[in-house]
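Protein chains in written order, with numbering that gives the first Met the number 0: chain A, 0 to 215; chain B, 0 to 215.
2 protein chains.
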Amino acid sequence: MVLPRAARTQRRTRIQEEKEERILEAALEVFSLHGYRGATVDQIAEVAGMSKPNLLYYFRTKEAMHRALITRVLDTWLDPLRELDALGNPVAEIRSYIRRKLEMARDFPRESRLFANEILQGAPNIEDELKGPLKALVDEKAAVIRSWAKAGKIAKCDPYHLIFSIWSTTQHYADFDVQVRAVLGQDNAGDGRFEDAARFLEQLFITGLEVKDPAS
Amino acid sequence: MVLPRAARTQRRTRIQEEKEERILEAALEVFSLHGYRGATVDQIAEVAGMSKPNLLYYFRTKEAMHRALITRVLDTWLDPLRELDALGNPVAEIRSYIRRKLEMARDFPRESRLFANEILQGAPNIEDELKGPLKALVDEKAAVIRSWAKAGKIAKCDPYHLIFSIWSTTQHYADFDVQVRAVLGQDNAGDGRFEDAARFLEQLFITGLEVKDPAS
DNA sequence: CGATAATTTGACCGGTTGGTAAACATTACA
DNA sequence: TGTAATGTTTACCAACCGGTCAAATTATCG
């Protein structure tokens, strides 16, 4: 046989698991830095430490690789929002959602840039994922936030745009890292800017969402 | 003569002005959608309605085109921040800065995406611009904001991260337009999302920055 | 008009890129 | 161990891409 990817129906070998893992890791590195078109298969192969035909034995096309990577990453990327608990304390829930998103921007910047690249260029490959699972999750959590506002637990506001603004402010520190560093100056070594950002964003969102007159 | 770009030292002809304008317009269209590497000279030539060699007669390399485009756009892109007036009413100044940035995201999304693409991929060509003019301008305005906070006109906060969060929230509606539309649903026709965003962001930032105890 | 400079085009080139063919090597397993 | 399936490599290709060249066309101006 010469169809390794067809082995998807069968159980996968140890080698398949290992190699596919190494390839996707390398693909994340390269795609997130150069975008889909800017990345080359040779580059990914080199980072993965294998020859190009060998890589193409596991993923038959560049696009298949990209698709596999996106779908895998999208799932974990939405975890912070999934954890938003309708039964928790509203302000505390939003605060820790912001913290989690900011931690992801710090710890998984490549994943963030992968999506940014994709969406920036019109999301040609993942439009279905956006309109399906992503929209469903956001709709669900927006309803939760709206109910908190209705109950007077937080200020009345558009829950969708609240979520957008949390996404954008936190992911900014991953996607626009170069700009952030350039503007803040030379102290690029540590994670200080993330701590400063956390303080600022907490102040902004929590104060901005506080209920002025707690009489309910 | 065969050196049209060397004509820079001389006055430019009518034809040069027109064609360079058309080329940069086409380049903006293509670069903003596909990034530097993803854009092809043939594509740009086609959008500009001329042959590839003809285009290369005006800009000798793809990189020269990109550089010319970036430097031109960066200048107008920073105008909203330049207008932030140290002598104006602090809250009103910040409010109208947010409004101006959001209007730019609505009216010039290609320009926004051009920068986003560039910075996302490590800003290989404009690092100097970031560390030079851009940092200088941000430093200047951050000092203004800090003085407002010191004077008790707005809440104490990190001015750099305030600027970052205004940038990210507003540009989000240009750069991640596809995602915003996918999440908000089918009503993609109008600009309603920008009006909703304006309302939300105003509430968020102005409430978040208000001084709680106005005793100064 | 005539001539000189500016502009435009079709044909082409070398390097890169995604992908293939087929021989060779290794592993899994009866 | 033998052998069939799986994994790896070398050599290669066709399409694409940025850029050149020389010839043709058009604008400029005395």
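Note that beta-carbon positions come from the ideal geometry of N, C-alpha and C, so glycine has one too.
query	result
Just to confirm my understanding: we take B:K18, look at its own chain, exclude 5 residues before and 5 after, and list those with CB closer than 6 Å. What are they?	Y57
Can you grab the Cα-Cα spacing for the pair B:L183 / A:A25, in whole Å?	34 Å
For a quick check, are the C-beta atoms of B:E21 and B:A63 less than 8 Å apart?	This sequence places Arg at residue 21 of chain B; Glu is not what is there. No. Outside cutoff.
Does DSSP put A:D157 in a helix, a strand or coil?	coil
Run down chain B in chain order and give the residues with a C-beta less than 9 Å from the C-beta of A:H65.	The contacting residues do not exist; A:H65 stays about 13 Å from chain B at best.
Name the chain A residues that come within less than 8 Å of B:K134, Cβ to Cβ?	A181, V182 and G184
Report yes or no: is there a C-beta of chain A within less than 8 Å of the C-beta of B:G191?	no
So which residues of chain A does B:T75 contact, with C-beta pairs closer than 8 Å?	Simply none; closest approach about 17 Å.
Quick one: grab the DSSP three-state call for B:N116.	helix
Excluding the 5 residues flanking B:A85 on each side, which residues of the same chain have their C-beta closer than 6 Å to its C-beta?	V143
Expressed to the nearest angstrom, what Euclidean distance is found between the alpha-carbon atoms of A:L136 and B:E16?	50 Å
In chain A, what lies closer than 9 Å to B:Q178 by C-beta?	F114, I118, A122, L129, L133, F163 and W166
For the ligand HEM, is there any heavy atom lying closer than 7 Å to the beta carbon of A:N124?	In the structure shown, the ligand HEM is absent, as is every other ligand, since no ligand is present at all.
So A:I97 and A:L200 are in contact, right, with Cβ under 8 Å, and what is the actual spacing, rounded?	6 Å
Indicate the three-state DSSP secondary structure (helix, strand or coil) for B:D190 in the structure shown.	coil
So is A:E117 buried or exposed if we call it buried at 16+ other beta carbons inside 10 Å?	buried
Please check if any C-beta of chain B sits within less than 8 Å of the C-beta of A:Q202.	yes
Can you have a look at A:D174 and say buried or exposed, based on whether 16 or more other CB atoms are within 10 angstroms of its CB?	buried
So what does DSSP say about B:E209, is it helix, strand or coil?	coil
Mind checking if B:A196 is an interface residue toward chain A, Cβ cutoff 8 Å exclusive?	yes
Classify A:T70 as buried or exposed, calling it buried when 16 or more other Cβ atoms lie within 10 Å of its own Cβ.	exposed
Return the CA-CA distance between A:Y159 and A:I14, expressed in angstroms with no decimal places.	44 Å
Is there a Cβ of chain B sitting closer than 8 Å to that of A:D157, yes or no?	yes
Measuring straight from C-alpha to C-alpha, what distance separates A:M49 and B:V210?	59 Å
Could you tell me if B:T168 is buried or exposed, where buried requires 16 or more neighbouring beta carbons within 10 angstroms of its beta carbon?	buried
Buried or exposed: which applies to B:A148, given that a residue is buried once 16 or more other Cβ atoms fall within 10 Å of its Cβ?	buried
Anyone know if the C-beta pair for A:A196 and A:I162 falls short of 8 Å?	no
State the Cα-Cα distance for the pair B:L77 and A:N88, rounded to the nearest angstrom.	40 Å
For A:N124 and A:L68, what's the separation of their Cα atoms in angstroms?	11 Å
For a cutoff of 8 Å on Cβ pairs, would you count B:D174 as touching chain A?	yes
Helix, strand or coil, according to DSSP, for A:P132 in the structure here?	helix
Any idea if B:A122 is buried or exposed, counting beta-carbon neighbours within 10 angstroms, 16 or more meaning buried?	buried
Any Cβ of chain A within less than 8 Å of the Cβ of B:V137?	yes
I need the DSSP call for A:R216, collapsed to helix, strand or coil.	Because chain A spans 0 through 215 in this model, residue 216 of chain A falls outside it and cannot be assessed.
So which of B:R99, B:T60 and B:V90 has the shortest CA-CA distance to B:T75?	B:R99
According to the neighbour-count rule (16 or more other Cβ atoms, all chains shown, within 10 Å of its Cβ), is A:S146 buried or exposed?	exposed
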